[in-house]
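Colleague: Residue numbers are given in the numbering used here: position 100 of the sequence shown equals residue 125, and the series is strictly consecutive. Ideal placement from N, C-alpha and C gives every residue a C-beta, glycine not left out.
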Amino acid sequence: MGKQSFKPELQSICKIQNFVKKNLKAKRVIVFTNEGNSYSPTLSKSFINNFTKLGGVIIDERGYLEDVTDYKDLFKNFSKLNPDIVVLTGYERDAAFIIKRARDLGIKTIFVGGDGFSVNMRNYEKNGLNGNYFVAEW
Numbered sequence: 026m027g028k029q030s031f032k033p034e035l036q037s038i039c040k041i042q043n044f045v046k047k048n049l050k051a052k053r054v055i056v057f058t059n060e061g062n063s064y065s066p067t068l069s070k071s072f073i074n075n076f077t078k079l080g081g082v083i084i085d086e087r088g089y090l091e092d093v094t095d096y097k098d099l100f101k102n103f104s105k106l107n108p109d110i111v112v113l114t115g116y117e118r119d120a121a122f123i124i125k126r127a128r129d130l131g132i133k134t135i136f137v138g139g140d141g142f143s144v145n146m147r148n149y150e151k152n153g154l155n156g157n158y159f160v161a162e163w
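Okay, here's the thing in structure tokens:
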């Protein structure tokens, strides 16, 4: 028998897409991708491919670069799209600041992330993280 391997992000994607579709009953999703690394685009692409196979609709994809201090541009025309949720495939610092910016703009949409999210997000944002989810193997 040959050597088997798996990519952890693929397991994360399966868990994220199932959680989004089955638990949150989301149908219309916006995907935010950190374009400054290889992890986030891979996770986003896999999510999009698999979520649409389950009947979900990606209504927009938006990219950002990490270590930016103002993510306001991510939310242009956001309210017109009216997504059920946002899948954010970034890491904790940027994810926390993006969610904070959304809350500052009055956007209450739920954010879901993978194992790039963690409880350490509270180091960057204390108040606006409740009601969002991260799905991970551990």
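Compare the beta carbon distance of G138 and F159 with 9 angstroms and say whether it is the shorter of the two.
Modeller: Yes.
Colleague: Specify whether the segment 51-65 and the segment 83-90 touch according to this definition: at least 3 beta carbon pairs, one from each stretch, less than 8 angstroms apart.
Modeller: Taking 8 angstroms as the limit for Cβ pairs, the verdict is that the segment 83-90 does touch the segment 51-65.
Colleague: Nearest-angstrom Cα distance between D92 and D119?
Modeller: Computed Cα separation, rounded: 7 angstroms.
Colleague: To the nearest angstrom, how far is the alpha carbon of K151 from that of S71?
Modeller: Roughly 30 angstroms between the two C-alpha positions.
Colleague: For V166 and I135, which I take to be in contact (beta-carbon distance under 8 angstroms), what is that distance rounded to the nearest angstrom?
Modeller: With the chain covering only 26 through 163, there is no way to say anything about residue 166.
Colleague: If I measure Cβ to Cβ from I41 and keep anything under 7 angstroms in the same chain, skipping five residues before and after, which residues do I get?
Modeller: Contacts found: F72, V112, V137, G139, V160.
Colleague: Go through the segment 105-131 residue by residue and report every complete run of the beta strand (DSSP E) that reaches 3 residues or more, in order.
Modeller: The segment 105-131 contains these whole beta strand (DSSP E) runs: 110-113.
Colleague: Across which residues does DSSP place Y89 in a beta bridge pair?
Modeller: Partner(s): N59.
Colleague: Only counting the same chain, and skipping five residues up and downstream in sequence, which positions put a Cβ closer than 8 angstroms to that of R147?
Modeller: Cβ neighbours of R147 beyond the five flanking positions: A121, L154.
Colleague: Kindly list the residues whose CB is nearer than 8 angstroms to the CB of M26, restricted to its own chain and excluding five residues on each side of it in sequence; keep chain order.
Modeller: Low confidence applies to M26: its pLDDT is 37, below 50, so where it sits in the model is not reliable, and the reading given next is rough at best. Taken in chain order, the list of residues that qualify is empty.
Colleague: Within a Cβ cutoff of 8 angstroms, which residues of the same chain sit near S104, ignoring the five residues on either side of it in sequence?
Modeller: Cβ neighbours of S104 beyond the five flanking positions: I132.
Colleague: For the beta strand (DSSP E) containing F136, name the first residue and the last one.
Modeller: Note, F136: beta strand (DSSP E), 135-138.
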